[in-house]
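Structure first, commentary second.
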Amino acid sequence: MALILVVDDEILLAEMLAVMLRDAGHVALTAPHGRAALELMQAQRPDLVITDFMMPVMTGLELAQALRADGNTRDLPIILCTGGQGLLARQSPHLFDLVVDKPYDYGALLSQAERLVRKTRR
């Protein structure tokens, strides 16, 4: 079981992904943008972050930059799910462990998320 933070301003998509993660036995939290995610992480450090790219207040790119700049979250795995900024994100492999284009396959995303959590727990 992992604690996974889903960050997406499309609340319905975030909740659908969170339900899928919970059904797989994980604890899933949601945040509508990067700043809210950082606030949540002050109370609980997740094992994995799954974030959208384009969001108000703080984008997924800015969130990843903030997490990589912090010694406590530098190694936190981050999956970016994006509708059109995949090329830009793939040019920053130091920020994202995986870039997934929307629409994505929930089963494949779950498998990749669990793989990243296992990898970082070693």
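Under UniProt numbering, think of the first position of the sequence shown as 1, with each following residue one higher. For every residue, glycine included, the Cβ atom is placed at its ideal position computed from N, Cα and C.
{"Asked": "Does the region 66-82 come close enough to the region 39-52 that 3 or more CB-CB pairs lie under 8 Å?", "Found": "yes"}
{"Asked": "With burial defined as no fewer than 16 other Cβ atoms inside 10 Å of the residue's Cβ, what is the status of methionine 58: buried or exposed?", "Found": "buried"}
{"Asked": "Is it buried or exposed, methionine 55, if we count other Cβ atoms within 10 angstroms and call 16 or more buried?", "Found": "buried"}
{"Asked": "When DSSP labels each residue in this structure, what does leucine 29 get in the three-state scheme?", "Found": "strand"}
{"Asked": "On the three-state DSSP scale, how would you describe leucine 76?", "Found": "coil"}
{"Asked": "Does DSSP put leucine 110 in a helix, in a strand, or in coil?", "Found": "helix"}
{"Asked": "Out of Gly25, Glu62 and Ala18, point me to the one whose CA is closest to glycine 34's CA.", "Found": "Glu62"}
{"Asked": "Tell me which same chain residues have a C-beta within less than 6 Å of the C-beta of arginine 22, skipping the five on either side of it?", "Found": "Ala28"}
{"Asked": "Using C-beta distances below 7 Å, list every residue in its chain close to residue 126, excluding the 5 sequence neighbours before and after it, in chain order.", "Found": "No answer is possible for residue 126: the residues shown for the chain start at 1 and end at 122."}
{"Asked": "I need the DSSP call for aspartate 105, collapsed to helix, strand or coil.", "Found": "coil"}
{"Asked": "By the three-class DSSP mapping on this structure, what secondary structure does leucine 3 have?", "Found": "strand"}
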